[in-house]
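Enquirer: One structure, pasted below without further comment.
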Amino acid sequence: MQAGPDLDAEVARKVLEVVVIMDTASGNYQLRDVANKRFIAVHPYSTDTATAHELLRDFKNKGCTFQINAPTEEESQWSVAISHPQIGGINFGAKGESLPHAICQAILQFNSLFKLRKTS
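Residue numbers (this note's numbering): 602 to 721.
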């Protein structure tokens, strides 16, 4: 999946487990902020490095480790591998055109096969 709003909405839905709707007037994805009775834009997880690092921090707090490889002359894409002790050191990896894109792809892959319990 390409970096952008569709991937961002997928991360919000499948990883953060929040309800995402599409505003039919604007075509933008939004989250419902129940506490404040309003809608907010989905964060740009797949295109903004700082926002993608928030995802990493959340998964690190749940015991995950990451291996991040920058592009080289031989490999033009970023790669991110995720592991967790509960799954015996198996790595779930993905590549992306940018670091945030690779982070989102890897987290989606990891999360689809191994869901970590939410922490309160």
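Even glycine gets a Cβ: it sits at the ideal position worked out from N, Cα and C.
Please tell me whether V681 and F660 are closer than 8 Å, where the distance is taken between their beta carbons.
Expert: no
Enquirer: Provide the residue(s) that pair with V621 in DSSP beta bridges, ordered along the chain.
Expert: L632.
Enquirer: My understanding is that P701 touches A604, with C-beta atoms under 8 Å, so please give their C-beta distance in whole angstroms.
Expert: With 8 Å as the limit, P701 and A604 qualify as a contact, their Cβ atoms being about 7 Å apart.
Enquirer: Below 8 Å on the Cβ atoms is my guess for Q678 versus A703; work out the distance and round it to an integer in Å.
Expert: Contact between Q678 and A703 is confirmed by a C-beta separation of about 7 Å, below the 8 Å threshold.
Enquirer: Restricting to Cα atoms, I'd like to know which of A653, V643, I641, Q631 is closest to Q706.
Expert: A653
Enquirer: Per DSSP, what kind of secondary structure is K661 in: helix, strand or coil?
Expert: helix
Enquirer: Can you tell me the Cα-Cα spacing of N640 and R633, whole angstroms?
Expert: What sits at residue 640 in the sequence shown is Phe, not Asn. Going from the Cα of F640 to the Cα of R633 covers about 5 Å.
Enquirer: Can you tell me the Cα-Cα spacing of L709 and D649, whole angstroms?
Expert: 16 Å
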